[in-house]
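Written out below as structure tokens is the structure these notes cover.
Protein chains: 2
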Amino acid sequence: MGDSRPIGVFDSGLGGLTVAKEIFRLMPRERIIYLGDTARVPYGGKSEETIRRFGLQDARTLLDLDVKMLVVACNTVSSVAIDYLERHIKEVPVIGVVLPGARAAATRSAEKRVGVIGTAATVRSGAYAKAINSIDPGIKVYGKPCPLFVPLVEEGLIDSDITRLVVQHYLYEMVDLGIDSLILGCTHYPILMEVIQSTVGNRIQLVDSALWTAKEAQHIMRALGTEYPAAQEQQAPAKRAEQFTVEASEGFAASRFLVSDVTPNFESVAETLLGAGLPGIEKVSVEELEEKEA
Amino acid sequence: MGDSRPIGVFDSGLGGLTVAKEIFRLMPRERIIYLGDTARVPYGGKSEETIRRFGLQDARTLLDLDVKMLVVACNTVSSVAIDYLERHIKEVPVIGVVLPGARAAATRSAEKRVGVIGTAATVRSGAYAKAINSIDPGIKVYGKPCPLFVPLVEEGLIDSDITRLVVQHYLYEMVDLGIDSLILGCTHYPILMEVIQSTVGNRIQLVDSALWTAKEAQHIMRALGTEYPAAQEQQAPAKRAEQFTVEASEGFAASRFLVSDVTPNFESVAETLLGAGLPGIEKVSVEELEEKEA
């Protein structure tokens, strides 16, 4: 039982594959239709108006393919445009990555000092701070945009002196401010988890929004009875440990991966982010879908 | 006399302002209509098909505004799509940045070993190597994509330890290969000229495509009689020295700057690249102009 239709997951590019990975880990039989707007990536330096417009075009592309839920894997769209998307999309539930990550950090910060790193648009929006303070107004939230992290990951510079120096450059102030939790508010950042952790020290816990978003998706689908298969028919999910591989998830082989541009390096970038090669990609056009303004 | 219509200059984003700057320096009374496709920047990691499509949309947007010449300030478009643009655009001359830069390097390399740095698409295209070898087939050309340089410039990390480390990371192999000339094949790279020069050493001369492209534009307009004002009515241009400022050019104040997105950091980035604040920007849509395929 349950709803066997796929979950729609979209991102400005391939970064959202880290969210898809957590969904496959937690719900290995769910199928995903993933959309990466690789022709217009990145969104993080763009205006709110453009981010809203692009986000709605991405969402509509997936809705046309009959998904049962929309997961906005892009932190930038989640920060700037989630209300806008919810206003325009009534057909299926829409969830972003900001609220789940914010909730996880808010309930775990003993010192009540949380750091948020992400794109310029994500940090400027203050979306994580608003979400955290709606849970606990006493928590101080410090934001810092880290625009060099995504190109470092895409260049494969994961564990290098350059990356350590850039991590220090961006994060030394936050460490001095005494944060005890740091939200990785961009889909690429979990790939840098080890170098970030070793640079900021073990006193600071890293909060991976991708992981908490997968849990939130499951929670909502359970409430609506749309999880597939229904909870009572499931076996225990794979542990968050070495033995998990995306390829072992039944849903992965039946999932679809759409991009707006077949970029030359997509295979290596996808491999880095998903920990597995993509079974195949399909090119779609997202630009022509013009939204009706509210 | 001469043709007082503006010169159209376009780029994937704001980087092409370094080319606009050289045009103002060399021909201070020429007006420019600049177009930066800031909604879809960067182009350098995208496929050839997408780069061609975006490039033609940009070009058509400027043609509709009655320019007398098109300068493709974007190295990526110049490398991948200049033939395609020339086939589709018959109304005005179209010049790119690759040929002028290649010619300057080919005639200056005593050791006959030239390095080219740029985006992934520019280097993969081999366009600079082809252009250099059409002049002198005996020159060895070594290419290296440097995707971190643009975000470093846009982050304002011009003279920092991080940037020096990244320059070393990308360029140590080329230095070992004995190049004596290095083409800065991306519009942002002239901003890093000093740190690149001090890292690779003074034995290697840096070739700035922006500068040679401005000269090429002047050369072609003189041949066609469209330079404004005509050569015999001109005063000596400003020297390539400290005294030059873009604001002092008569054409600058009468120029227009179009973008497809009003990005939040455009003012600081434009200031870095142009050495002057923009007098004002206008937002245009470039996506809707669909080209007819050849």
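Going down the list, the sequences are from chains A and B.
Numbering-wise (our numbering), the first sequence opens with residue 1 and increments by one.
Numbering-wise (our numbering), the second sequence opens with residue 295 and increments by one.
Backbone N, C-alpha and C fix where the C-beta goes; we use that ideal spot for every residue, glycine too.
This one's a predicted model, so the numbers in the text were calculated from it and none came from an experiment.
Nearest-angstrom beta carbon gap, residue j and residue i [assumed within contact, 8 Å]
i, j, result
"G330(B)", "D305(B)", "5 Å"
"T18(A)", "P190(A)", "5 Å"
"H169(A)", "I456(B)", "6 Å"
"I426(B)", "A396(B)", "5 Å"
"P394(B)", "S503(B)", "6 Å"
"T61(A)", "V284(A)", "6 Å"
"P151(A)", "A120(A)", "The Cβ separation is near 14 Å, so there is no contact."
"Q528(B)", "R402(B)", "Q528(B) to R402(B), Cβ: 27 Å. No contact."
"L165(A)", "L459(B)", "6 Å"
Interface residues of chain A facing residue i [CB-CB closer than 7 Å]
i, result
"K340(B)", "A39, D261, T263"
Interface partners of residue i on chain B, CB under 9 Å
i, result
"L148(A)", "L442, P445, L446, E449, L451, I456"
"T50(A)", "T332, A333, S554, D555, V556, T557"
Chain B residues whose Cβ lies nearer than 7 Å to that of residue i
i, result
"L165(A)", "D455, I456, L459"
"E319(A)", "Residue 319(A) cannot be examined here, being either before or after the span of chain A that is shown, 1 to 294."
"H169(A)", "I456"
Contacts of residue i in chain A (Cβ-Cβ under 8 Å)
i, result
"R418(B)", "P264"
"E581(B)", "E287"
Residue from the options whose Cα sits closest to the Cα of residue i
i, options, result
"L320(B)", "S554(B), W506(B), L350(B), L572(B)", "W506(B)"
"P558(B)", "T122(A), E22(A), K90(A), F54(A)", "T122(A)"
"V153(A)", "D3(A), E271(A), I33(A), L62(A)", "E271(A)"
"L258(A)", "A39(A), R29(A), L171(A), L182(A)", "A39(A)"
"I514(B)", "A367(B), V371(B), T370(B), V386(B)", "V386(B)"
"D358(B)", "D470(B), I327(B), V444(B)", "I327(B)"
"K384(B)", "K362(B), G571(B), V489(B)", "K362(B)"
"S4(A)", "S255(A), Q57(A), I158(A)", "S255(A)"
"V246(A)", "V150(A), Q205(A), Q218(A), R29(A)", "R29(A)"
"I158(A)", "G185(A), I196(A), K144(A)", "I196(A)"
"L184(A)", "V9(A), T50(A), Q57(A), C74(A)", "C74(A)"
"P287(B)", "I411(B), G309(B), E488(B), S341(B)", "Any answer about residue 287(B) is impossible in this case: the structure gives chain B only from 295 up to 588."
"V262(A)", "E48(A), V9(A), I7(A), L14(A)", "L14(A)"
"S176(A)", "Q57(A), L165(A), F149(A), Y142(A)", "The identity of residue 176(A) in the sequence shown is Asp, whereas the question assumes Ser. Among Q57(A), L165(A), F149(A), Y142(A), the Cα nearest to that of D176(A) is on Y142(A)."
"G8(A)", "A223(A), P145(A), A276(A), V71(A)", "V71(A)"
"S47(A)", "A570(B), L568(B), F560(B), G569(B)", "F560(B)"
"T199(A)", "A214(A), M174(A), I23(A), K215(A)", "M174(A)"
"Q537(B)", "E380(B), G569(B), R346(B), E581(B)", "G569(B)"
"E287(A)", "H88(A), R52(A), Q57(A), F24(A)", "Q57(A)"
"V167(A)", "M193(A), R52(A), A231(A), R87(A)", "M193(A)"
"I139(A)", "I179(A), L165(A), M1(A)", "I179(A)"
"K509(B)", "H382(B), L459(B), I317(B)", "I317(B)"
Buried versus exposed call for residue i [16 or more other C-beta atoms within 10 Å across all chains shown]
i, result
"P279(A)", "exposed"
"A59(A)", "buried"
"E293(A)", "For E293(A), the pLDDT reaches just 42, beneath the cut-off of 50, and the residue's location in the model is therefore unreliable, although a value from the coordinates is still provided. Result: exposed."
"K21(A)", "buried"
"V563(B)", "buried"
"S181(A)", "buried"
"D66(A)", "exposed"
"Y172(A)", "exposed"
"N202(A)", "exposed"
"S554(B)", "buried"
"E576(B)", "exposed"
"R325(B)", "buried"
"G156(A)", "exposed"
"S78(A)", "buried"
"A231(A)", "exposed"
"A517(B)", "exposed"
"G16(A)", "buried"
"R87(A)", "exposed"
Within chain A, partners of residue i - CB distance below 9 Å
i, result
"T566(B)", "In chain order: nothing, as chain A lies at least about 14 Å away."
Residue i: contacting residues in chain B (beta-carbon distance under 8 Å)
i, result
"A120(A)", "P558, N559"
Cβ of residue i within 8 Å of any chain E Cβ
i, result
"V501(B)", "Given the protein chain composition of this structure (A and B), no chain E is represented."
_At least 3 beta-carbon pairs within less than 8 Å: the segment 107-123 of chain A vs the segment 224-234 of chain A_ = no
*Would the segment 384-391 of chain B and the segment 542-557 of chain B be scored as touching if the rule is three or more Cβ pairs under 8 Å?*
no
*With a cut-off of 8 Å, do at least 3 Cβ pairs link the segment 368-376 of chain B to the segment 420-439 of chain B?*
yes
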